[in-house]
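Shown next, in structure tokens, is the structure this report addresses.
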Amino acid sequence: METKDKNKFVLLIQPKHGSWDKIFCRLPESLLAISACPHKEGYEIKILDQRVEPDWKKKLVEYVGQKPLIVGITTLTGPSLNFALEAADIVKKTDKNTKVVFGGVHVTLLPEQSIKNDNVDIVVKGDADYTFLKLLNALEKNDNLDDIKGLYYKRGEGIIFTGEPDMIRDLDALSESPYNLVDMSKYSAVDFKGSRSVSFMTSRGCPYACKFCANATLHKSIRIGMSIPSIISKIEMLQEKYDYNIFLFLDENTSAGPAHFRELIKALNGLKRKIIWATTGIRADMIARLDDEDLKNLWDSGCRAMDIGVESGSDRVLKYINKAETKEIMGFANKKLAKYPIILKYTFIIGYPTETDEEMEETVDFYMQLSSENPNVFPMIFIYTPIVGTPLYSESLKYDFIPPVTMQEWADMDYKTWLYKYPNWIPKNKKRRLEVISISSLFCNSNVKYKLATLFSKVAFLLYHPIAKFRFKYKFFGFPVESFLSKLFF
Numbered sequence: 012m013e014t015k016d017k018n019k020f021v022l023l024i025q026p027k028h029g030s031w032d033k034i035f036c037r038l039p040e041s042l043l044a045i046s047a048c049p050h051k052e053g054y055e056i057k058i059l060d061q062r063v064e065p066d067w068k069k070k071l072v073e074y075v076g077q078k079p080l081i082v083g084i085t086t087l088t089g090p091s092l093n094f095a096l097e098a099a100d101i102v103k104k105t106d107k108n109t110k111v112v113f114g115g116v117h118v119t120l121l122p123e124q125s126i127k128n129d130n131v132d133i134v135v136k137g138d139a140d141y142t143f144l145k146l147l148n149a150l151e152k153n154d155n156l157d158d159i160k161g162l163y164y165k166r167g168e169g170i171i172f173t174g175e176p177d178m179i180r181d182l183d184a185l186s187e188s189p190y191n192l193v194d195m196s197k198y199s200a201v202d203f204k205g206s207r208s209v210s211f212m213t214s215r216g217c218p219y220a221c222k223f224c225a226n227a228t229l230h231k232s233i234r235i236g237m238s239i240p241s242i243i244s245k246i247e248m249l250q251e252k253y254d255y256n257i258f259l260f261l262d263e264n265t266s267a268g269p270a271h272f273r274e275l276i277k278a279l280n281g282l283k284r285k286i287i288w289a290t291t292g293i294r295a296d297m298i299a300r301l302d303d304e305d306l307k308n309l310w311d312s313g314c315r316a317m318d319i320g321v322e323s324g325s326d327r328v329l330k331y332i333n334k335a336e337t338k339e340i341m342g343f344a345n346k347k348l349a350k351y352p353i354i355l356k357y358t359f360i361i362g363y364p365t366e367t368d369e370e371m372e373e374t375v376d377f378y379m380q381l382s383s384e385n386p387n388v389f390p391m392i393f394i395y396t397p398i399v400g401t402p403l404y405s406e407s408l409k410y411d412f413i414p415p416v417t418m419q420e421w422a423d424m425d426y427k428t429w430l431y432k433y434p435n436w437i438p439k440n441k442k443r444r445l446e447v448i449s450i451s452s453l454f455c456n457s458n459v460k461y462k463l464a465t466l467f468s469k470v471a472f473l474l475y476h477p478i479a480k481f482r483f484k485y486k487f488f489g490f491p492v493e494s495f496l497s498k499l500f501f
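Sequential numbering from 12 applies to the sequence shown in this note's numbering.
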């Protein structure tokens, strides 16, 4: 485990995510992205992924003993923060002089709060593709950090903020992710008949302004994407170098509009080696604007699954959250897609501030309607979770929500259980019903199986699927055994 040049040694940590790790384990995309430039310049990067390293604590102590330039940890609001904070604590107990740098979504949304943690020396705000290399160069030379935008760091008893970071505007200009830093065989994006799959982002951000989404804070409501030739080149590289033929595009919005989507489909159809692909982000109103020939080309290009945010079965709620779509549009797109066996993950949210019981029932009914009109659908219902940096978070504060005030408390903002831990607008007798609806929706439809990329999740599905199916068939959401099952499985 010896390193070549300790002054160039950089340790990056991917924390566990919690229950989602039992369903799939995708590449540590963000850590690979920020490693690209430093790796190219000769820094020795080690990625320690808690999700795939059972003895990560032992390895962490050994790596810290080698005096890394920094230990960088990516953060995500919720249970993942527990594992990030645990790693930082181990680092400081092993060597209090080792610099701990936090980056990622959570600290970008709450940088001032995050830097106050005793075990955090530096916070990197925003996309760090270029910032991270500048930080390493400065620390290596013991230079001042004040000229590097996007940093929060401690100086004496004070906290210094170096200014808002520049946004990444050109994804094509970024260096390729150094996949040699990880064991690719340990990761699986989705499961199409047991074949190997890989994920990558073709874009960042989204131009829409849904009130529950932090995109406006993270990406200023701007979508930037790889050029289509760059997407094709990356696919061909992953085919030739790693023998992948199944791809998941990890995007908020893979399409920049119908014209762009048609060009992408055409390019994917032109690949010499045909692929299977899926995306985590497509809008129903864009699908509604495609014609029959477009849909045939979509299928021929290898598209086998798409995630579409429906969000609610109430038009009043859709307008309230600024979705800029209607049930009519979503239903129309659903029927169009029914002509092809493309698996559709529809995500719904219940428990919004101002949502009535009747509107929640509308969402359950729309869940069932879309499923009946398209045999390839698997809808999933989540409980609304207030996220800092979103318009709906600010509104939640007006409806009795008292938020966490430390990073450790934010680790308890689990989407399944936060409503039991922090004061909010949901009546006590309604919380269990929301939980039952949410958990059973995840297991109700057998089309979900392609998302289950671990043995554990497949077994859990087989055991609970009959119960979940019964609940939605008869709209029976009483007797909440799901609370026990949730603790058992997740």
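We treat Cβ as the ideally placed atom computed from N, Cα and C, and that holds for glycine.
All figures in this text were calculated on a predicted structure; none of them were measured in a lab.
Status (buried if at least 16 other CB within 10 Å, exposed otherwise) for residue i
i	result
phenylalanine 487	exposed
lysine 78	exposed
arginine 4	Nothing can be reported for residue 4, as the shown portion of the chain is limited to 12 through 501.
glycine 489	exposed
alanine 316	buried
aspartate 66	exposed
phenylalanine 35	buried
glutamine 25	buried
CB contact flag (residue i, residue j, <7 Å)
i	j	result
glutamate 373	glycine 324	yes
serine 188	arginine 37	no
phenylalanine 258	isoleucine 286	yes
methionine 237	leucine 182	yes
alanine 99	threonine 86	no
glycine 292	glutamate 263	yes
valine 201	alanine 278	no
valine 111	valine 102	yes
methionine 44	aspartate 140	Checking the sequence shown, residue 44 turns out to be alanine, not methionine. Contact: yes.
asparagine 387	leucine 355	yes
serine 186	alanine 299	no
isoleucine 361	leucine 445	yes
isoleucine 56	histidine 50	yes
tyrosine 426	threonine 396	yes
isoleucine 413	phenylalanine 359	no
isoleucine 394	serine 468	no
methionine 330	cysteine 221	The question names methionine, but residue 330 in the sequence shown is lysine. No. Outside cutoff.
isoleucine 126	valine 134	yes
asparagine 435	aspartate 411	yes
phenylalanine 483	cysteine 455	yes
alanine 270	glutamate 336	no
leucine 282	methionine 212	no
N- and C-terminal bounds of the beta strand (DSSP E) containing residue i
i	result
threonine 365	Here threonine 365 belongs to no beta strand (DSSP E), and DSSP marks it neither H nor E.
lysine 70	From DSSP, lysine 70 is part of no beta strand (DSSP E) but of the alpha helix (DSSP H) over 67-75.
phenylalanine 20	20-25
lysine 57	55-60
methionine 317	314-322
Bridge partner(s) assigned by DSSP for residue i
i	result
isoleucine 394	Ile361
phenylalanine 211	Phe260
phenylalanine 172	Tyr163
isoleucine 81	Val21
valine 134	Phe113, Tyr163
isoleucine 126	Isoleucine 126 is not bridged to any residue.
cysteine 36	Ser199
lysine 356	Asp318, Phe389
Cβ-heavy atom distance, residue i to the ligand FMN, below 6 Å
i	result
arginine 327	The ligand FMN is not among the ligands present in this structure, which contains no ligands whatsoever.
Segment limits, alpha helix (DSSP H) that includes residue i
i	result
valine 328	326-331
arginine 444	439-454
glutamate 304	303-311
glycine 292	Element bounds for glycine 292: not the alpha helix (DSSP H) but the beta strand (DSSP E), 287-293.
arginine 273	269-280
aspartate 100	91-105
glutamate 151	142-152
asparagine 503	Residue 503 cannot be examined here, being either before or after the span of the chain that is shown, 12 to 501.
histidine 28	Counting along the chain, histidine 28 falls outside any alpha helix (DSSP H), and DSSP gives it neither H nor E.
alanine 227	226-230
Selected residue, minimal CA-CA separation from residue i, among the options
i	options	result
isoleucine 530	His476, Thr119, Arg284, Leu22	No answer is possible for residue 530: it lies beyond the span of the chain, which begins at 12 and ends at 501.
phenylalanine 389	Asp425, Ser452, Lys442, Ser407	Ser452
lysine 152	Ile360, Tyr163, Leu80	Leu80
aspartate 376	Gly342, Pro352, Gly292, Asp318	Gly342
leucine 348	Lys469, Gly169, Ser186, Asp318	Asp318
leucine 403	Lys57, Phe223, Leu147, Ala47	Phe223
serine 405	Leu445, Ile133, Pro364, Arg327	Pro364
glutamate 339	Ala47, Leu381, Ile45, Val63	Leu381
glutamate 274	Tyr253, Asp254, Asp305, Lys245	Asp305
asparagine 93	Lys330, Ile171, Asn128	Asn128
leucine 121	Asp157, Phe172, Val75, Leu147	Phe172
glycine 53	Glu123, Glu73, Lys68, Leu147	Leu147
Min CB distance residue i to chain D below 7 Å
i	result
arginine 207	No chain D appears in this structure, which consists of one protein chain only.
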